[in-house]
Amino acid sequence: TFQQDLQQIKHLVEFCQPQAVQLLNPVPLDWLRELKGSFPEVDWWQSLFLPAAGMASPHPDIDKLQQQMQELAAAGADVVIIDTAVKRAGKTRYGGTGQTSNWELASSLVETSPLPVFLAGGIKPSNIMAALDAVHPQGIDLCSGVEVRLGRKDPAKLRELIELVRIWEKENN
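Quick note on the numbering used here: the sequence shown kicks off at 6 and runs consecutively.
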């Protein structure tokens, strides 16, 4: 969901009956508590955004991010997705940027998170091994890094990436 109000989210969940819902924009913690209470069978995934790797953006406050993760866990979130936010022409784009975030910071968040953390942001076959080595997320979220064109996934890229993840798991478990 993105920029939906609480009633719209509830309607979508009632209509679609999903296994999980990714909340792209931050929602008030009381919304998350209400959603988890109303739909306990649904996994609630909350996105947190870091600046793109190498960007001159102010470095996020890791203590604040860790506190957010604690609050999300207490409110009923099941997963945190770390994604990339990029500011261009005075406008910030959250996710779907094709750019990686600061993996060192992401790794610190994974180490201290009370929740499973998925890594998103510019993940593709050419960098998946480095991403897994650097961050050790419990999962990954894919978009533009495996697309042949906007909105269209490339089956060959998906197969390659999945095979690389399987290799990494065998080597690291």
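Even glycine gets a Cβ: it sits at the ideal position worked out from N, Cα and C.
Apply the 10 Å Cβ neighbour rule to Asp88 and answer buried if 16 or more other Cβ atoms are within range, or exposed otherwise. buried
Boundaries of the alpha helix (DSSP H) in which Val32 is found, first to last residue: In this chain, Val32 is not harboured by any alpha helix (DSSP H), its DSSP state being neither H nor E.
Burial state of Gln27 (16 or more Cβ within 10 Å): buried
Look up Glu152 in the DSSP assignment and give the residues it is bridged to. Lys158
Contact check, Leu114 vs Glu76, beta carbons under 7 Å: No, the pair does not count as a contact, with Cβ atoms beyond the cut-off.
Bounding residues of the beta strand (DSSP E) (the contiguous stretch that carries Lys92): 84-93
So within the region 65-142, which uninterrupted alpha helix (DSSP H) runs reach at least 4 residues, ignoring any that extend past its ends? Whole alpha helix (DSSP H) segments, 4+ residues: 67-80, 108-117, 133-140.
Please determine if the region 123-138 and the region 167-175 are in contact, where contact requires at least 3 C-beta pairs separated by less than 8 Å. yes
Closest Cα partner of Pro121 within the set Arg93, Gln72, Val84: Selection Arg93, Gln72, Val84 evaluated against Pro121 yields Val84 as nearest (Cα-Cα).
Can you tell me where the alpha helix (DSSP H) holding Phe20 begins and where it ends? 11-21
Gln104 and Ala135 look like a contact to me (Cβ under 8 Å); what is the Cβ gap, rounded to whole Å? In fact, because the Cβ distance is near 14 Å, the residues do not count as touching under 8 Å.
Apart from the five residues just before and just after Lys15, which ones in its own chain have a Cβ nearer than 6 Å to its Cβ? none
Assign Asn177 to buried or exposed, taking buried as 16 or more other Cβ atoms, counted over all protein chains shown, within 10 Å of its Cβ. exposed
Exposure label - Ala79; buried when at least 16 CB within 10 Å: exposed
Please state whether DSSP places Leu37 in a helix, a strand or coil. helix
Considering only C-alpha positions, which residue in the set Arg164, Glu46, Phe123 is nearest to Ser106? Phe123
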